[in-house]
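Note that the protein sequences, when read in sequence, are chains P and U. Add 173 to a position in the first sequence, counting from 1, and you land on the number used in my numbering. Add 674 to a position in the second sequence, counting from 1, and you land on the number used in my numbering. What follows is a short report on a single structure.
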Amino acid sequence: EPEVTQTPSHQVTQMGQEVILRCVPISNHLYFYWYRQILGQKVEFLVSFYNNEISEKSEIFDDQFSVERPDGSNFTLKIRSTKLEDSAMYFCASSGPISGTSSTDTQYFGPGTRLTVL
Amino acid sequence: AQSVTQLGSHVSVSEGALVLLRCNYSSSVPPYLFWYVQYPNQGLQLLLKYTSAATLVKGINGFEAEFKKSETSFHLTKPSAHMSDAAEYFCAVRGGSGGSEKLVFGKGTKLTVNP
Chain P
174 EPEVTQTPSH QVTQMGQEVI LRCVPISNHL YFYWYRQILG QKVEFLVSFY NNEISEKSEI
234 FDDQFSVERP DGSNFTLKIR STKLEDSAMY FCASSGPISG TSSTDTQYFG PGTRLTVL
Chain U
675 AQSVTQLGSH VSVSEGALVL LRCNYSSSVP PYLFWYVQYP NQGLQLLLKY TSAATLVKGI
735 NGFEAEFKKS ETSFHLTKPS AHMSDAAEYF CAVRGGSGGS EKLVFGKGTK LTVNP
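So, in structure tokens, the structure goes:
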């Protein structure tokens with residue numbers, strides 16, 4: 174079964190450093206998302222991406238954050254200058270259409286990248 | 675705008691007992707509703723979804739949920755709990771057809787299954 178993959182599984186960085194979190198969405202999906210989950214809190218939407226541009230973003234997604242689809246398979250989240258409060262689990266997700274359907278309603282999540290900012 | 679409230683951050687049941695995890699939603703547009711499960715150190719796996727078709731939705735692993743518009747609820751049930759059901763469960767809502775793609779999650783309910 175196709176799945177979303179994310180690398181690395183765990184990233185440790187110093188405050189102020191730049192990090193890039195990588196995701197490979199399900200092949201043939203066209204919609205891509207990033208969410209984050211701070212320890213003990215709810216999963217929060219960050220950004221959605223379609224047709225090579227941001228389609229929606231939350232107030233969390235400020236100028237420190239950027240997303241990119243550098244090639245036909247990868248989808249990345251960059252944090253330019255990390256802060257302690259950026260420590261969280263970051264989830265990538267993707268949704269359809271898949272061949273034979275036009276469904277975009279189901280988002281499939283990757284296993285997450287745990288980012289620790291020291 | 676959408677929001678989700680999950681009643682009970684922790685639920686504990688005995689193996690073989692009924693599982694009931696509660697979810698109430700608020701939405702300004704007809705909603706799509708989802709239940710996801712997260713096993714320890716893993717990502718979010720879709721259990722089931724409601725997208726304006728049948729109000730009683732069946733999912734994987736014997737779970738089902740019923741959409742009740744009058745009660746703005748989408749509670750998750752399973753007739754008989756297994757040890758393997760121990761996990762955290764998240765209810766999520768998004769705008770329906772043509773609405774915002776973003777999922778809004780509840781805080782999650784951690785299910786413990788006792789032998």
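Note that CB positions come from ideal geometry on N, CA and C, so glycine has one too.
TODO: Given a cut-off of 8 Å, decide if Gln179(P) and Pro243(P) are closer than it, judged by their beta-carbon atoms.
DONE: Against a cut-off of 8 Å, the Cβ pair of Gln179(P) and Pro243(P) comes out as no contact.
- [ ] Go through its chain and collect everything with a Cβ distance to Lys732(U)'s Cβ below 6 Å, but skip five positions before and after it.
- [x] So the list reads Glu738, once near-sequence residues are dropped.
TODO: State the beta-bridge partners of Tyr223(P) as determined by DSSP.
DONE: Tyr204(P), Glu226(P)
Task: Status (buried if at least 16 other CB within 10 Å, exposed otherwise) for Gly189(P) - done: By the 10 Å Cβ count, Gly189(P) comes out exposed.
- [ ] Determine the direct distance from the alpha carbon of Glu241(P) to that of Leu777(U), and round the result to whole angstroms.
- [x] 20 Å
Open item on the list: Counting C-beta neighbours from all protein chains within 10 Å, is the total for Thr783(U) 16 or more, i.e. buried, or is it exposed?
Closed with: buried
Task: Those residues which DSSP pairs with Leu194(P) across a bridge - done: In DSSP, Leu194(P) forms a bridge with Leu250(P).
TODO: Could you run through the segment 757–778 of chain U and flag, in chain order, every residue whose CB is less than 9 Å away from some CB of chain P?
DONE: Cβ proximity to chain P below 9 Å picks out Phe764, Ala766, Arg768, Gly770, Ser771, Ser774, Glu775, Lys776, Leu777, Val778 from the segment 757–778 of chain U.
Task: is_contact[Leu718(U), chain P] using C-beta, thresh 8 Å - done: yes
Task: Cβ-based contacts, 8 Å cut-off: residues of the segment 682–704 of chain U near chain P - done: Close to chain P, meaning a Cβ-Cβ distance shorter than 8 Å, is no residue of the segment 682–704 of chain U at all.
Task: With 16 other Cβ atoms within 10 Å as the buried cut-off, status of Glu286(P) - done: According to the sequence as given, residue 286(P) is Thr; it is not Glu. Buried, by the Cβ-count rule.
Open item on the list: Taking the beta carbon of Lys259(P) as the centre, do at least 16 other beta carbons fall within 10 Å, making it buried, or is it exposed?
Closed with: One point to set straight first is that residue 259(P) is Asp, not Lys, in the sequence displayed. Counting Cβ neighbours within 10 Å, Asp259(P) comes out buried, since at least 16 surround it.
TODO: Classify Leu681(U) as helix, strand or coil using the three-state DSSP reduction.
DONE: strand
Task: Which of helix, strand or coil DSSP assigns to Ser702(U) - done: Judged by DSSP in its simplified three-state form, Ser702(U) adopts coil rather than helix or strand.
- [ ] Less than 8 Å between the CB atoms is what I'm expecting for Thr279(P) and Ser268(P), so what's the real figure, rounded?
- [x] 6 Å
TODO: Could you list the residues in the segment 705–716 of chain U with a C-beta less than 7 Å from some C-beta on chain P, going in chain order?
DONE: Tyr706, Gln716
Open item on the list: Tell me which residues share the same chain as Leu694(U) and place their Cβ nearer than 7 Å to its Cβ, disregarding the 5 neighbours each side in the sequence.
Closed with: His749, Thr751
Open item on the list: Quick check on this structure: which residue in Asn715(U), Phe764(U), Ser702(U) has the alpha carbon closest to the alpha carbon of Val685(U)?
Closed with: The option with the nearest alpha carbon to Val685(U) is Phe764(U).
TODO: Please say whether Pro714(U) and Arg768(U) have beta carbons closer to each other than 8 Å?
DONE: No; because the gap between Cβ atoms is not below 8 Å, this pair is not in contact.
TODO: Would you verify that the beta carbon of Glu232(P) is, or is not, closer than 8 Å to some beta carbon of chain U?
DONE: no
Task: For Leu707(U), the residue or residues it bridges with in DSSP - done: Tyr724(U), Val767(U)
Task: Same chain, Cβ closer than 8 Å to Val216(P), neighbours up to 5 away in sequence not counted - done: Tyr208, Arg209, Gln210, Phe264
Task: Inter-residue Cα distance where the pair is Pro181(P) and Gln187(P) - done: 16 Å
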